[in-house]
Structures are given as structure tokens and as C-alpha cells.
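Accompanying notes for the structure given below.
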Amino acid sequence: MIRLMVALTLTASPVFADEIWVSNEKDDTISVIDVETLEVIKTYPTGERPRGITFSKDYSRLYICASDSDTVQVMDPNTGEILFELPSGEDPEQFVLHPDNRHLYIANEDDAITTVVDTETRKVVAQIDVGIEPEGMAVSPDGKIAITTSETTNMAHWIDTSTQQLFANTLVDSRPRHAEFAKEGSELWVSSEIGGTITVFSVADQSEIAKIDFEVTGVHPDRVQPVGFEFTTGDTHAFVALGPSNHVAVVNAETYEVEDYILVGRRVWHMDFNADRSQLFTTNGVSGDVTVIDVASRKPVKTIKVGRFPWGAAFRPTDQSGG
Amino acid sequence: MRLIYAMLAGWLSASTAMAELTLDIRYLLIEQPRPPTLSNLDPLPESLGVDGAQVGLQDNITTGRFLGHNYTLELARVADGDDPIAAAQQALSETAFVLIDGPAEALTAIADLPQANGAILLNVAAPDAALRSDDCRANVLHTVSSMAMRTDALAQFFVTKRWDDLVMIAGTHADDVAYANAMQRSLQKFGLELGAQKTWAFDADMRRNAAQEVPLFTQEFGDYDALIVADELGDFGRYILYNTWQARPIVGSEGLAAATWAPVVEQWGAVQLQNRFTDEFGRDMAPKDYAAWAAVRALGEAVTRTNSADAATLRSYMLSDQFELAGFKGRPLTFRAWNGQLRQPIPLVHPRALVAQAPLEGFLHQRTELDTLGLDEPESNCTEFAQ
Chain A
1 MIRLMVALTL TASPVFADEI WVSNEKDDTI SVIDVETLEV IKTYPTGERP RGITFSKDYS
61 RLYICASDSD TVQVMDPNTG EILFELPSGE DPEQFVLHPD NRHLYIANED DAITTVVDTE
121 TRKVVAQIDV GIEPEGMAVS PDGKIAITTS ETTNMAHWID TSTQQLFANT LVDSRPRHAE
181 FAKEGSELWV SSEIGGTITV FSVADQSEIA KIDFEVTGVH PDRVQPVGFE FTTGDTHAFV
241 ALGPSNHVAV VNAETYEVED YILVGRRVWH MDFNADRSQL FTTNGVSGDV TVIDVASRKP
301 VKTIKVGRFP WGAAFRPTDQ SGG
Chain B
1001 MRLIYAMLAG WLSASTAMAE LTLDIRYLLI EQPRPPTLSN LDPLPESLGV DGAQVGLQDN
1061 ITTGRFLGHN YTLELARVAD GDDPIAAAQQ ALSETAFVLI DGPAEALTAI ADLPQANGAI
1121 LLNVAAPDAA LRSDDCRANV LHTVSSMAMR TDALAQFFVT KRWDDLVMIA GTHADDVAYA
1181 NAMQRSLQKF GLELGAQKTW AFDADMRRNA AQEVPLFTQE FGDYDALIVA DELGDFGRYI
1241 LYNTWQARPI VGSEGLAAAT WAPVVEQWGA VQLQNRFTDE FGRDMAPKDY AAWAAVRALG
1301 EAVTRTNSAD AATLRSYMLS DQFELAGFKG RPLTFRAWNG QLRQPIPLVH PRALVAQAPL
1361 EGFLHQRTEL DTLGLDEPES NCTEFAQ
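So the protein sequences, as listed, match chains A and B. Numbering follows the working numbering, with no gaps: position 29 of the first sequence is 29. Numbering follows the working numbering, with no gaps: position 116 of the second sequence is 1116.
In C-alpha cells form, the structure reads like this:
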């Protein structure tokens, strides 16, 4: 009798809190963090060397770049079961899901190729020759432009998604790692790890609008290496992971000035926000943990141990099935 | 004179239509005699260095495709005993961009040729300190690390580990003597002192009796923290490990070694370069391969950024603050403006893993910690770059 009542109470209130999913590159696992308790609640095995991860638009599927397995795995996030694998080209590192919720644009790091995969037919739609070591992937909000950045060629390659052809190639500083569209697709931001900068392009004509430099007190400029970044609500600010400098920079997206540096774990790499973007979760590769940052106060509030070399992070709301 | 020219990249360049600019690179390989060694376990690949240049070329071509830039690479091989000068003259009559894989004497002789005036010669093999100091040349840039950079890296490690009681065994080959001298200089630079030093002049076949010889040979050292082995040819050093009288770490040419590059370097995206190399050539990427890769990539990076194939334009860009090469070592690589040496971190490795990467933490420098390795500006007598 008592047991039954407990069960009823549990079902009545939300059982699941929102989650942050983290890929552990050297553990071949995914850690699931409960956003309420800030604890790891599940760990799922994946293919070899999971890096980029992203959810389908309805959060019913998780796509995983299993780089050393040369495949993109599709996981049921409710069970952790691998449902099937997608052809991905060799060594998929990062990808981006097109707004049509159907096409994945995948960077094949070892092959200087961007592969476009239809997740419904599970077939490769196109392969596009890009520069050496493609990594950063982005797609414009209207879905018309996809971007691949190539680490050794040092370019952002602009792909017309209607033809799957390159229509522009723009040079950036050394080792571009990550790309994001901002301000309703009018700007493209590209981080350069070794160059130590973020280049901001006008999407209309691919011209350079701004270049953002970083400077962390007590850290040699060579070790201040921007990698992953994400925008706050309304794209007013960008939070930028600065790799081995162990800091996250807060950049004002209007003035392109850096306003703050936040100390996090070692070799901070990628990140994602919670639902209302009040909390940011950064993956710290070397220290094997996730730092939780309070966005309003710009302070780290907690460190959560995950697997070895956490790489990607992706948010999953509780209310994922439209319910 | 026997010259073998091999087209390395014809098929790649052919596919690049519309090239508006082409940079031709020569790889001048001056074969050097190698004395026999006790073991033949690790034969040297025929195309050591050349393969690295080839990967650099492919990297350049892929990038150049988007910019209308094309690159070619040709190998000129000078057999041991043949005259490298004639081969160099031939190469310099065709292009101003020549990688030189040869001894220091040949390198300076080539640099002094009238045809080399205004050229960019890239040293991918000679580690001599003199080439970065008294014997420097304004038209020579060095992408291979100097021996001094490597011994400085190890000396930093000794300081960090507080291994201050050090002894050394050195071979008799000129390279071994040079290594021993470089090590002495590095120890002094970092406030260390060498205890005893012994010369290895055995001519016995150590595959049979190392276990008997080495304990006795090292017994005289008494106690110490680490044993430095100067055996740059890989002759006797491999038989020292685990055979010493005292159970102590071996460092230097064997055991823990400082290298321009090693197959165990995997951080900072290095796996990608290692994979590109191994997929193509079916072997591990060696230090000389890395130096040659960096030489070709440095030229490519300068062409990409300046949109020029003019030697003077490229040289001034390469020596400027704007230049930076992403060399898979965790930080940008740049050239020292006073002697043309490529600044680079030095991995400290054993055959199975990276142990540390110099400059080590705590070794500071007003310009960049990378300048704690090798000849810093006040330590170099080079004045050729001043103008």
C-alpha cells in the first residue's frame, strides 16, 4: 500500500530532469548529466572515440560521431540502445544537422571531405572536397549554407546546400576548429585554435567584419587557444572555450570585446547550455570533467567528473516529445 | 655525377587547373656514408625525409586548390662521393626554393653559391649549432631542430626531476662527440654538472655479450641519478638499457630521448598528420620527415598568406611576426629572426609514449618559453639576419 503511493507520487511529479549529454573521447562512452542535481545519472557505451554529438530536432535520436569506428551511430536516448549506424565517410569528427531535421553534414577529418548523409534513407547524398582536416561544421538557420572549416588548410568552406557545391573559401588564422552562425544567420563566427582568434564574417558577402583576440593573465598567448563556443539568448554574448589556458571567455557579440574570463577545468573544449541558457556546461578534456557555469554571474558553480577526455556536449530537455 | 630526378607530384598538379601561381620546390638529398652498427634491427628508410616533404606538398596542393596556387616537388639525389655543388647549381637554376638534406659543410657551400643569392634554402637534416651561430647564412632557414634544442629539452627535464647527479657514455663518431658537447653545454646552461664521462670504443659484438660487458663498464660510475648515452648513430646505446650496474634511467640517444618528432606524438591533432603519413608510406614518421614536412608547409603557408611566389616576399613574411605554422605541437611555430631556426616544442619520448614536452613548466623567457630551447639571441653569433 505504501509502496504504491510512493510510485504514484513519483509519476505525478516530473521524474526526469533536463539533461546534458557528454561524449567521452577516450572511454568510448556517453555520460548523461542531470541538470537539476548536477550529477551523472547514466553512462552509455558507444563506438570507438565518440566526439561530435547532436540530437534530432525532436530529441528522439542522438547522433554520435564514432570517429575510430568510421561511422555515425544513432542512439535511442531513452534506452541508450544503438538503433543503427549511418554511413559517414572515414573518421567523422564533427557534424551538424540541417534544419530539415534530415540531412547530416559530416566533417571527415582524415579524408579532406565533407559527407552529406540522409538520415531517413541512410544513404550518402553528396561528398564535397574541402581542405585538409575538416572539423568545424555549421549550417545557417535558413538551411541554405553549410560551413566546413579545415584545420590545416586554414579556411572556412562555404557550401550551397541546394547544389552541395562550394561557393566560397575564406582564409582564417591557423587551425580553425569551430564555426557558428549568429544573429539570425547574418554573421558567421570561426575560431582558430593556434591562431588564437575568432574571425567574424558577414554572411551576405563573406567579408571579414571583426577579429577577436584573447588575453588571459599569466598565460602565454600561444596557449590561449579558442575552440568551441556558444551564444547566449538573443546572441548578445558568446562563451568561448580557450583550450589549454583552462578559461572560458565571455565576448560581447555587439562590440566584439572580451568582457570576462572564467576559470574552468583543464583543456576546455566544447559546451552547451541548459533550457533557459542560465547554465553552461563545458567539457574539460584533460581533467576529465564538466564545469557548470552560472551564466548571469559568470562564475563556475560546480565540477562534475565524467569519463576520460570529454569532448562534445548536447542538451536534452525533459519535455522532448511535445508533451 | 649521378643525379636521379623523380617527379613526385605530377599527377596531383595535373588535376589542378586554373593555377595562377606555381611554387616549385627541390629536395636535394646528399647521401652520407653511414658506418656499420652492431644491430640491423632498424634499417633506415630509403626515402627518409623525402616522404615527409611529399605529405607537406599534398597538404599545400589541397589548400592551394582553393586559391589558384599550385606546388611541385622534385627530388635530386646525390650519391655518396658525388659533387653536391653541381646538383645544387642545377636545382638553383630552376627554382629558388630548395630543401637541403645533407651535412653542414655542403649546406654552407651551397648557400655561398652566387646562384643561391636571394634563394630560400631549408635545412631539414643538419643539427649543428654552428649553422645557427658563426656559420649561419641569411638564405638558410632551419626546420630541423638543432642538437642544442634537443639537449636543452633533456636538461630541463633533469632539473624538473632533480636528477643532478649525471654521468655519460659517449661513442666516438663525430655525431656522438657533437652530442656529448651539446649536452655539456646544456647542462651548464641549466646549472647542472656532469659527473664522470666514459668513451665507448668497444669493437665487440654486443648482441652476444652486452650483459657481461655493460655492468662492468658502468660499475665504475658508482651511484648516480641518470645515465646519458651519446650514440647518435644507434650503434651501442640499445645494449646499455637494463644492463647497467646500477638500476637507473637511461636518457639521451637511447631510453628517454628528445626528438624533433616521434611516432608517439598524438596530442594536438598530431594523430591526423601521423595517419596521413603512415597511410601513404606504410611506416612511422621520423624526425627528418617532420622537418621536411614543416619546410614545405612553411613555404606553403607563406604563399597562402602573401599570394606570392617571390622568394624575397616569402622570406620576409616567414621571418615576420605574422608568420605562424600550425605544426601539431600545441602552439604556433615561428622562425627566430636572428638565425632562421624554426622555434618548436621538443617532445621527450620513449618508444611507447610521450613523457613530456619541452619547454617544461617553470622555464620562463621574456619573449617566448620556446626560446629557452637552443641558441637564444644572445647565445648566437649570427649577424647575417641583422640587415
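Cβ coordinates follow ideal geometry from the N, Cα and C atoms, glycine included.
Interface annotation, A:Arg175: in contact with chain B, CB-CB separation under 7 Å. With contact defined as three or more Cβ pairs closer than 8 Å, the segment 144 to 153 of chain A and the segment 98 to 113 of chain A are in contact.
Using a Cβ-Cβ cut-off of 7 Å, B:Phe1066 counts as an interface residue toward chain A, since at least one Cβ of chain A sits closer than that to its own. Straight-line spacing of the CA atoms in B:Thr1368 and A:Glu19 works out to 42 Å. Of all residues in the segment 1330 to 1341 of chain B, only Gly1330, Arg1331 and Pro1332 place a beta-carbon less than 8 Å from a beta-carbon of chain A. In this chain, the beta strand (DSSP E) harbouring B:Pro1347 covers Ile1346 to His1350.
The Cβ atoms of A:Ile132 and A:Thr153 lie closer than 7 Å to each other. With a beta-carbon spacing of about 12 Å, B:Asp1225 and B:Leu1187 fall beyond the 8 Å limit used to define contacts. Around the beta carbon of B:Tyr1239, 16 or more other beta carbons lie within 10 angstroms, which makes this residue buried. Residues of the segment 1241 to 1269 of chain B with a Cβ closer than 8 Å to any Cβ of chain A, in chain order: Gly1269. Contact between the segment 1087 to 1105 of chain B and the segment 1060 to 1068 of chain B is absent: fewer than three C-beta pairs spanning the two stretches fall below 8 Å. For B:Lys1189, the enclosing alpha helix (DSSP H) begins and ends at Ala1174 to Lys1189. Residue range Lys123 to Asp129 is occupied by the beta strand (DSSP E) that includes A:Lys123. DSSP links A:Thr43 through a beta bridge to A:Ser31.
Taking a C-beta cut-off of 7 Å against chain A, the contacting residues of the segment 1046 to 1072 of chain B are Asp1059, Thr1062, Thr1063 and Phe1066, listed in chain order. Per DSSP, the beta-bridge partners of A:Trp21 are A:Val32 and A:Ala314. Around the beta carbon of B:Tyr1242, fewer than 16 other beta carbons sit within 10 angstroms, so the residue counts as exposed. For B:Gln1272, at least one C-beta of chain A is nearer than 7 Å to its own C-beta. With its beta carbon less than 7 Å from one in chain B, A:Gly131 belongs to the interface. Contacts with chain B (Cβ-Cβ distance below 7 Å) from the segment 137 to 149 of chain A involve no residue at all. The beta-bridge partner set that DSSP reports for A:Ser192 consists of A:Pro176 and A:Thr197. Taking 7 Å as the CB threshold, A:Ala179 stays off the interface with chain B. A:Glu259: member of the beta strand (DSSP E) spanning Val258 to Leu263, first to last residue. In the structure shown, the three-state DSSP call for B:Arg1297 is helix. Against chain B, the beta carbon of A:Ala112 has neighbours under 8 Å at Thr1062, listed in chain order.
At a cut-off of 7 Å, the C-beta of A:Asn246 has no neighbouring C-beta in chain B. Under the DSSP assignment, B:Asp1152 falls in the alpha helix (DSSP H) whose first and last residues are Met1147 to Lys1161. Chain-order list of chain A residues neighbouring B:Thr1368: His220 and Asp222, by C-beta distance under 8 Å. In the three-state reduction of the DSSP assignment, A:Leu171 falls in the strand class, which pools E and B. Within the segment 1294 to 1325 of chain B, the residues whose Cβ lies closer than 9 Å to any Cβ of chain A are, in chain order, Arg1297, Glu1301, Thr1304, Arg1305, Glu1324 and Leu1325. Here the alpha carbon of B:Arg1132 sits roughly 46 Å from the alpha carbon of A:Glu187.
In the same chain as A:Ser202, and ignoring 5 residues on each side of it, the C-beta atoms closer than 6 Å to its own belong to Ile209, in chain order. Within chain B, the C-beta atoms nearer than 9 Å to that of A:Gly195 come from Glu1324, Ala1326 and Pro1332, in chain order.
At a C-beta separation below 8 Å, A:Glu151 has these neighbours in chain B: Gly1269, Gln1272 and Ala1326.
Sequence-distant partners of A:Val117 (beyond 5 residues in either direction) whose C-beta falls short of 8 Å from its own C-beta, in its chain, are Val72, Leu86, Pro87, Ser88, His103, Leu104, Ile106, Lys123, Val124 and Val125. When secondary structure is reduced to three states using DSSP, B:Lys1288 falls in the helix class.
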